[in-house]
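This note's numbering puts the first residue of the sequence shown at 45, with every later residue one more than the last.
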Amino acid sequence: MGRYRLHVNGRQRVVDVPGDTPLLWALRDELGLTGTKYGCGVGACGACVSLVDGAAERPCVRTVEESERTRITTIEGLSPRGDHAVQRAWVELDVAQCGYCQPGQIMSAVALLAEHPDPDDAQIEEALRDNVCRCGTYPRIRAAVRRAAELARGER
Ligand code: FES
Ligand code: FES
45 MGRYRLHVNG
55 RQRVVDVPGD
65 TPLLWALRDE
75 LGLTGTKYGC
85 GVGACGACVS
95 LVDGAAERPC
105 VRTVEESERT
115 RITTIEGLSP
125 RGDHAVQRAW
135 VELDVAQCGY
145 CQPGQIMSAV
155 ALLAEHPDPD
165 DAQIEEALRD
175 NVCRCGTYPR
185 IRAAVRRAAE
195 LARGER
């Protein structure tokens with residue numbers, strides 16, 4: 045066991061876990077941030093995608109030890125009121141079906157738009173290619189990314 049300091053959603057947090065614990069377990073089980081979902085545990089499904097230093101990362105395949113000295117953002121920390129442009133677009137287009145994959149989809153979209161504020165179809169496809177949705181909401185996800193880009197630009 046060790047004490048690891050994690051910077052999560054703007055706050056310093058301390059977790060008492062072995063250093064090789066996946067960051068996903070620290071987020072969910074130690075810090076109660078259950079919006080970050082467990083799907084495959086091997087970095088293949090995208091359910092757990094969160095931001096690490098602003099980039100889309102998969103906390104199921106990162107350890108707590110290697111996550112010290114980074115800035116982690118989970119779906120809970122995206123916007124205090126849940127009104128980030130991506131979240132508003134998701135609601136407007138009624139994207140979610142069962143919802144399980146959606147936090148990961150949203151966080152991947154946030155990282156994409158931070159890098160490419162007006163992404164083309166190929167960039168959207170590339171950014172979201174490895175986020176699996178068992179309910180097949182892919183067309184609505186793609187449309188919502190485009191809509192989020194409009195909302196972020198202040199368009200109605
Ligand atoms: S649970 Fe992390 S990528 Fe599937
Ligand atoms: S909305 Fe059900 S898995 Fe994506």
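No residue lacks a Cβ here, since even glycine has one placed at the ideal position from N, Cα and C.
All of these numbers come straight from a predicted model, not from anything done at the bench.
- Task: Give me the Cβ distance between Lys81 and Pro124, rounded to the nearest whole Å; I'm assuming they're in contact under 8 Å.
- Result: Against the sequence shown, residue 81 aligns to sequence position 37. Against the sequence shown, residue 124 aligns to sequence position 80. About 21 Å; that fails the 8 Å criterion.
- Would the C-beta of Tyr82 count as close to ligand 1, meaning under 7 Å from any of its heavy atoms? Numbered from its first residue, the sequence shown carries residue 82 at position 38. Yes - ligand 1 has a heavy atom lying nearer than 7 Å to the Cβ of Tyr82.
- Message: For Val52, list the residues DSSP reports as bridge partners.
- Response: As a working mapping, residue 52 is identified with position 8 in the sequence shown. Note: Val52 sits in a beta bridge opposite Arg55 and Ile116.
- Using a threshold of 8 Å, state whether the C-beta atoms of Leu195 and Ala129 are closer than that. For the purposes of this step, residue 195 is taken as the residue at position 151 of the sequence shown. For the purposes of this step, residue 129 is taken as the residue at position 85 of the sequence shown. Yes, these two residues count as a Cβ contact at 8 Å.
- Message: Taking the alpha carbon of Glu120 as the reference point, which residue from Arg197, Gly198 and Val52 has its own alpha carbon closest?
- Response: For this step, residue 120 is matched to residue 76 along the sequence shown. For Glu120, the nearest C-alpha among the options comes from Val52.
- Query: If we count Cβ pairs, one from each stretch, closer than 8 Å, do we get three or more for the stretch 86-103 versus the stretch 54-73?
  - Reply: yes
- Message: Need the endpoints of the beta strand (DSSP E) that Ser94 sits in, please.
- Response: As a working mapping, residue 94 is identified with position 50 in the sequence shown. First-last of the beta strand (DSSP E) with Ser94: Ser94 to Val96.
- How about Gln131: is its Cβ closer than 7 Å to a heavy atom in ligand 2? Taking the first residue of the sequence shown as 1, we reach residue 131 at position 87. No - ligand 2 has no heavy atom lying nearer than 7 Å to the Cβ of Gln131.
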